[in-house]
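**Q** First the structure, then my questions, so here it is.
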Amino acid sequence: MSKPGLTTRILHADRLGGVEHGATHKPLHTAVAYGYASAGELAAVFQGAKPGYVYARQGNPTNAALEVKINLLEDAHSTATFGTGMAAIAGTLIALLREGDHVIASQFLFGNSYSLMLTLQRMGIALSLVDATEAGAVAAELRPQTRMVFVETIANPRTQVADLAGIGALCTERALVYVVDSTLTTPALFRPRDTQASLVVHSLSKGIAGHGDALGGAVSDTGLFDWSGYPNILEVYRKGDPAGWGMQQIRKKGLRDMGGTLRAEDAHRIAVGAETLQLRVARTSSNALALAQWLERQPQVARVYYPGLASHAQHARAAALFGAFGPLLSLELAEGIGHFAFLDALRLVILSSHLADNRTLAIPVADTIFYEMGPQGRAAMGIADSLIRVSVGIEDIDDLRADFAQALQAAQTR
Ligand SMILES: *Cc1c(COP(=O)(O)O)cnc(C)c1O
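Counting along the sequence shown from 1, when you hit position 414 you're at 1401 in the working numbering, and nothing is skipped either side.
Quick look at the structure:
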């Protein structure tokens, strides 16, 4: 049989792993501790000589079942889950970096990831923020101490698309850890492994869960990076196949020691949500494209940013790399039309942060999620004071268009 498709893989992952009583879902395991029949067996599990669970902060069977699914979706070597996307990112970076190292990151990062980078900088890790839409901008910042490059596939909220393949080629040539945050694309649209990513991070709270009822994060090792040449792997984790060294250190230093564990209840919800990932992403992507195309034609709208539009600066790259263009668009209204007046007139769309939810959400970016970084930080990211971010859901497109139409009309006459 040829390799099964994404939805087939995820729907049958539990069953093929051997589920208790033939249940079609992996059951929810809430135990904190796991007991063994002999001290020898307990010691073997602790030492990693025998598979098993010891204490749930480091893993449990429910989280492991979700890790198998994400690993299948990313075609990865190994995956660890965390309590949030930020816990996954922080755990990964802190596990793999040391004082004196240098990191190159996209200047268009998700606000909290950007804030985390500044924290690491205060702890002695040098940082360069670059325009990641050009691999040349990354190349220009390389130093002997450069260890890692961190980018997002589609940036939130201005939707810049990173030069994923160009940066991948550069990182491979220079043996740099290439971390790609694929939250906005999800495995339904893109696999970072195809552009030579070393590690893939996800906020599972977003599109992979979809229902907006659980927080979670994950990091997957694609298996492409040679950890035997990475100087920051501690002696104690330089055991066995080097392909597993990076993930061992992330699990021990990033998950076990920092404690940002995913709750089993949330792992279960995310796994159930992920079963319909491909269906939901197809719908949110087609809704978002239709809405973006319609918005671009409205006289009350000055600019629309969506990678699916021919007018988008990286449209050709997005079309070549991604199966579709995802749920996120942003827009600026025409001169004289207040963005708060427009948002206040929306009836169906929810005024809320969060993204890639089943429901359509809108937020004034500069006044909320990007408020803390100030006007200069926003200018560097291309964020205008009146920018509105829209995360398009799975509602019926006619209802969405009607809501936007009446709100644009109301804001114009206000
Ligand atoms: C939301 C988000 C995160 C953080 O995820 P949480 O689960 O909210 O901690 C990281 N990266 C991107 C691109 C995001 O959209």
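Backbone N, C-alpha and C define an ideal beta-carbon position, used for all residues, glycine too.
Since this is a predicted model, take the numbers as computed values, not measurements.
Does any heavy atom of ligand 1 sit closer than 7 Å to the C-beta of residue 1168?
**A** Position 181 of the sequence shown, counting from 1, holds the residue named residue 1168. Residue 1168 Cβ: within cutoff of ligand 1.
**Q** Can you pull every residue whose C-beta falls closer than 7 Å to some heavy atom of ligand 1, listed in chain order?
**A** Any residue whose Cβ sits closer than 7 Å to a heavy atom of ligand 1 makes the list: 1071, 1072, 1073, 1074, 1076, 1097, 1099, 1100, 1139, 1143, 1168, 1170, 1171, 1190, 1191, 1192, 1193, 1202, 1203, 1204, 1342.
**Q** Using CA coordinates, which residue listed in 1316, 1349, 1321, 1345 is at the minimum distance from residue 1331?
**A** Mapped onto the sequence shown, residue 1331 falls at position 344. Nearest C-alpha to residue 1331: 1349.
**Q** Would you call the region 1309-1318 and the region 1266-1281 touching, i.e. three or more CB-CB distances under 8 Å?
**A** Flag = yes, the region 1309-1318 and the region 1266-1281 touch.
**Q** From residue 1274 to residue 1327, what distance separates their C-alpha atoms?
**A** For the purposes of this step, residue 1274 is taken as the residue at position 287 of the sequence shown. For the purposes of this step, residue 1327 is taken as the residue at position 340 of the sequence shown. Looking at the two C-alpha atoms, the distance is approximately 23 Å.
**Q** If you reduce the DSSP assignment to three classes, tell me which class residue 1405 lands in.
**A** Residue 1405 cannot be examined here, being either before or after the span of the chain that is shown, 988 to 1401.
**Q** Does the separation of the CB atoms of residue 1206 and residue 1067 fall below 8 Å?
**A** Counting from 1 along the sequence shown, the entry for residue 1206 is found at position 219. Counting from 1 along the sequence shown, the entry for residue 1067 is found at position 80. Yes.
**Q** Between the C-alpha atoms of residue 1033 and residue 1045, what's the straight-line distance to the nearest angstrom?
**A** Sequence index remark: in the sequence shown, residue 1033 carries index 46 (1-based). Sequence index remark: in the sequence shown, residue 1045 carries index 58 (1-based). One C-alpha to the other measures close to 11 Å.
**Q** With a threshold of 7 Å, establish whether the CB of residue 1163 neighbours any heavy atom of ligand 2.
**A** The ligand content of the structure shown is limited to ligand 1, which means ligand 2 is not among them.
**Q** Apart from the five residues just before and just after residue 1118, which ones in its own chain have a Cβ nearer than 7 Å to its Cβ?
**A** Here residue 1118 is taken as the residue at index 131 of the sequence shown, counted from 1. Closer than 7 Å at Cβ, skipping near neighbours: 1094, 1124.
**Q** Starting from residue 1375, trace the alpha helix (DSSP H) in both directions and tell me its first and last residue.
**A** On the sequence shown, residue 1375 is found 388 positions in, with the first residue counted as 1. That residue, residue 1375, is in no alpha helix (DSSP H); its beta strand (DSSP E) goes 1375-1378.
**Q** Hey, which unbroken runs of the alpha helix (DSSP H) at 4 residues or more fall wholly within the region 1122-1186?
**A** List check, alpha helix (DSSP H) in window: 1122-1126, 1151-1161, 1173-1176.
**Q** Which class does residue 1086 belong to by DSSP, given the choice of helix, strand or coil?
**A** For the purposes of this step, residue 1086 is taken as the residue at position 99 of the sequence shown. Three-state DSSP puts residue 1086 in coil, outside helix and strand.
**Q** Quick one: grab the DSSP three-state call for residue 1093.
**A** As a first step, residue 1093 must be located in the sequence shown, where it is residue number 106. Looking at residue 1093 - three-state DSSP - the assignment turns out to be strand.
**Q** Measuring only the C-alpha atoms, how far is residue 1129 from residue 1089?
**A** Indexing the sequence shown from 1 puts residue 1129 at position 142. Indexing the sequence shown from 1 puts residue 1089 at position 102. Each residue's alpha carbon lies about 9 Å from the other.
**Q** To which residues of the same chain is residue 1382 closer than 8 Å at the C-beta, ignoring the five residues directly before and after it?
**A** If you number the sequence shown from 1, residue 1382 lands on position 395. So the qualifying residues of the chain are 1274, 1335, 1346, 1347.
**Q** Just how far apart, CA to CA, sit residue 1021 and residue 1163?
**A** Residue numbering aside, residue 1021 sits at position 34 when the sequence shown is read from its first letter. Residue numbering aside, residue 1163 sits at position 176 when the sequence shown is read from its first letter. Going from the Cα of residue 1021 to the Cα of residue 1163 covers about 38 Å.
**Q** Quick one: what does DSSP say residue 1441 is sitting in, helix, strand or coil?
**A** No information on residue 1441 is available, as it lies outside the stretch 988 to 1401 that the chain covers here.
**Q** Identify every run of the alpha helix (DSSP H) within the region 1194-1269, keeping only runs that are complete inside it and at least 4 residues long; order them along the chain.
**A** Complete alpha helix (DSSP H) runs here, min 4: 1232-1236, 1251-1261.
**Q** What is the DSSP secondary structure of residue 1116, reduced to helix, strand or coil?
**A** Here residue 1116 is taken as the residue at index 129 of the sequence shown, counted from 1. Of the three classes helix, strand and coil, the one that applies to residue 1116 here is strand, per DSSP.
**Q** Quick one, which of 1103, 1323, 1002 has its alpha-carbon nearest residue 1053's?
**A** As a working mapping, residue 1053 is identified with position 66 in the sequence shown. Of the candidates 1103, 1323, 1002, the one whose C-alpha sits nearest the C-alpha of residue 1053 is 1002.
**Q** Ignore the nearest five residues each way along the sequence and tell me which others in residue 1291's own chain have a CB closer than 7 Å to its CB.
**A** Stepping through the sequence shown from its first residue, residue 1291 is reached at position 304. Hits under 7 Å: 1279, 1282, 1283, 1316, 1318.
**Q** Could you tell me whether the region 1238-1255 touches the region 1067-1076, where touching means 3 or more Cβ pairs closer than 8 Å?
**A** Touching, yes, given that three or more Cβ pairs across the two stretches are closer than 8 Å.
**Q** What's the C-alpha gap between residue 1250 and residue 1202?
**A** Taking the first residue of the sequence shown as position 1, residue 1250 is located at position 263. Taking the first residue of the sequence shown as position 1, residue 1202 is located at position 215. Residue 1250 and residue 1202: Cα-Cα distance of roughly 9 Å.
**Q** Can you confirm whether the region 1153-1163 touches the region 1125-1145 when touching is taken to mean that 3 or more C-beta pairs between the two stretches lie within less than 8 Å?
**A** Yes, since at least three Cβ pairs between the region 1125-1145 and the region 1153-1163 fall closer than 8 Å, the two stretches touch.
**Q** If you follow the beta strand (DSSP E) that residue 936 is in, where does it begin and where does it stop?
**A** Lying before the first or after the last residue shown, residue 936 is absent from the chain, which here runs from 988 to 1401.
**Q** What do you get for residue 1085, buried or exposed, if any count of 16 or more other CB atoms within 10 angstroms of its CB means buried?
**A** Within the sequence shown, the letter at position 98 stands for residue 1085. Label assigned to residue 1085: exposed.
**Q** On the three-state DSSP scale, how would you describe residue 1106?
**A** Stepping through the sequence shown from its first residue, residue 1106 is reached at position 119. Reduced to three states, the DSSP call for residue 1106 is helix.
**Q** Looking at the structure shown, is residue 1349 part of a helix, part of a strand, or coil, going by DSSP?
**A** Translated into the one-based positions of the sequence shown, residue 1349 becomes position 362. Strand, per DSSP.
**Q** Are the beta-carbon atoms of residue 1410 and residue 1238 separated by less than 8 Å?
**A** This structure cannot settle anything about residue 1410, because the visible part of the chain is limited to 988 through 1401.
**Q** For residue 1142, collect the residues of the same chain with a Cβ closer than 6 Å to its Cβ; drop the 5 residues on either side in sequence, then sort them by chain order.
**A** Taking the sequence shown and counting its residues from 1, the one referred to as residue 1142 is at position 155. Result list for residue 1142: 1095, in chain order.
**Q** Pull up the distance between the alpha-carbon of residue 1311 and that of residue 1127, whole angstroms please.
**A** Translated into positions along the sequence shown, residue 1311 becomes position 324. Translated into positions along the sequence shown, residue 1127 becomes position 140. Taking the straight line joining both Cα atoms gives about 31 Å.
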